[in-house]
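One structure is given below, encoded as C-alpha cells.
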Amino acid sequence: MAITLKSPQEIEAMRVAGGMAAEVLEMIGEYVRPGVSTEELDRRCYEYITQVQKAIPANVGYHGFPKTLCTSINGVVCHGIPKPEDVLRDGDIINIDVTVIHDGWHGDTSRMFYAGKPSQAAERLVDVTLESMLRGIAAVRPGATLGDVGAAIQTCAEDAGFSVVRDFCGHGIGRKYHEAPQVLHYGRPNSGLRLKKGMVFTIEPMLNAGRQEVEVLDDDWTVVTVDGSWSAQWEHMVAVTDDGYDILTAWPNRR
Numbered sequence: 001m002a003i004t005l006k007s008p009q010e011i012e013a014m015r016v017a018g019g020m021a022a023e024v025l026e027m028i029g030e031y032v033r034p035g036v037s038t039e040e041l042d043r044r045c046y047e048y049i050t051q052v053q054k055a056i057p058a059n060v061g062y063h064g065f066p067k068t069l070c071t072s073i074n075g076v077v078c079h080g081i082p083k084p085e086d087v088l089r090d091g092d093i094i095n096i097d098v099t100v101i102h103d104g105w106h107g108d109t110s111r112m113f114y115a116g117k118p119s120q121a122a123e124r125l126v127d128v129t130l131e132s133m134l135r136g137i138a139a140v141r142p143g144a145t146l147g148d149v150g151a152a153i154q155t156c157a158e159d160a161g162f163s164v165v166r167d168f169c170g171h172g173i174g175r176k177y178h179e180a181p182q183v184l185h186y187g188r189p190n191s192g193l194r195l196k197k198g199m200v201f202t203i204e205p206m207l208n209a210g211r212q213e214v215e216v217l218d219d220d221w222t223v224v225t226v227d228g229s230w231s232a233q234w235e236h237m238v239a240v241t242d243d244g245y246d247i248l249t250a251w252p253n254r255r
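Residues 1 to 255 in the UniProt record's numbering are what the sequence shown lists, from first letter to last.
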C-alpha cells in the first residue's frame, strides 16, 4: 500500500481532529474512578463527540466494533469492549482509546488512567510505557527510519524489565483510519522505511509486565496477556516535519 504524504493544510486539518480526540480523553478523566462502568465512560464520550463536538466517533461500527471507546483494564492489552458489567475497582489501570472523525479526517489517541490509587508496580508500568512512547516520538525526523523509532521504544521497555507486544502496531492515518505504514514498536536502528516530511502515523506501544505473548478472546476483539500480567499503552498521532516531528494529539494542559 502506498504511503500518502500530507500537505501542510491537511496536517492542520488532522491537528483539529487530533485535538478533538485529546479533548475527549481530557473530559472523561474525572469520571474514571472506582464504581464506574466502562459502559458509562463510553456513553459519556459518545454524547460528547456527537452532541458537543458535532463529530463522528470512528470506532462505532468499524469492522463491527460496537462502541465509541476501547477500554482496556489491567491484563487487557487493547481493544477492550465497554460493558455495563466491567466496573472499575480501586487500583485498576485502564487504557482509553478514542478516534474522532472531523471534516473527513481521523484523530486517534489513547492514554492511561488510574481508578483510585494504583500499586507502585502498576504505576511504574504506566510511567515506563509513557516514556517509551515519548522516546519513540523523539526519534522521528526526516531521514530516520521506522527501525529507529521501534528500537528507541524497545530499548526503553526492556531496560526497565518489561516486554513489548509485537502482535499490534501503530499505523498511518488520514482520511482512512488505517493506512501505510505499519509502525512496529521494536526494531533495529537504521532499518526499515525511511521517514519523509508529510508522513502521519500513530505511535502506540503496548508494554506487558510479563511475557509479550497475547491472545484474542472469543468476542474477536478483546486482546489479553497470555500469562495474566498487566499491560499499559499510550498513543499519539505524529506528523514528520522539516526537521523533526509534530504531535497532532497533544493533550490539553499536558504534553
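Note that the Cβ used here is the ideal one computed from N, Cα and C, for glycine as well.
- Here DSSP, grouped into helix, strand and coil, assigns Ser132 to helix.
- The Cβ atoms of Leu41 and Pro66 lie no closer than 8 Å to each other.
- Scanning the region 6-63 from its first residue to its last, the whole alpha helix (DSSP H) runs of 4-plus residues come out as 8-28, 38-47.
- Cα atoms of Ala55 and Phe201: separation of roughly 21 Å, rounded to the nearest angstrom.
- Where Ile93 is concerned, the enclosing beta strand (DSSP E) starts and stops at 92-102.
- Residue burial annotation: Pro34 is exposed, with fewer than 16 other C-beta atoms found within 10 angstroms of its C-beta.
- Around the beta-carbon of Tyr186, 16 or more other beta-carbon atoms lie within 10 Å, marking it buried.
- Contact annotation: Asp167 and Val98 have beta-carbon atoms that are not nearer than 8 Å.
- The continuous stretches of alpha helix (DSSP H) do not include Thr241, and DSSP gives it neither H nor E.
- Annotation: the continuous beta strand (DSSP E) that includes Glu179 extends over 179-183.
- Judged by beta-carbon spacing, Met237 lies beyond the 8 Å limit of Gly104, meaning their Cβ atoms are not closer than that value.
- Under the three-state reduction of DSSP output, Thr155 falls in the helix class.
- For Ile101, the closest C-alpha among the options Pro57, Val126, Ala115 is that of Pro57.
- In the three-state reduction of the DSSP assignment, Ile173 falls in the coil class.
- Counting C-beta pairs closer than 8 Å gives three or more between the region 211-228 and the region 71-78, which meets the contact rule.
- A check of alpha carbon separations from Gly136 across Glu179, Tyr114, Asp90, Pro189 identifies Pro189 as the nearest.
- Judged by beta-carbon spacing, Ile94 lies within the 8 Å limit of Ser72, meaning their Cβ atoms are closer than that value.
- Around the Cβ of Gly228, a 10 Å sphere holds fewer than 16 other Cβ atoms; the residue is exposed.
- Secondary structure note for Trp234: it is in no beta strand (DSSP E), with a DSSP letter that is neither H nor E.
- Here DSSP, grouped into helix, strand and coil, assigns Ile73 to strand.
- Counting only residues of its own chain and dropping the five nearest sequence neighbours on each side, Ala21 has a CB closer than 7 Å to the CB of Val98, Thr99, Val100, Gly107, Asp108, Thr109, Thr249.
- For Ile203, the enclosing beta strand (DSSP E) covers residues 200-203.
- DSSP places Val164 in the strand class (E or B) of the three-state scheme.
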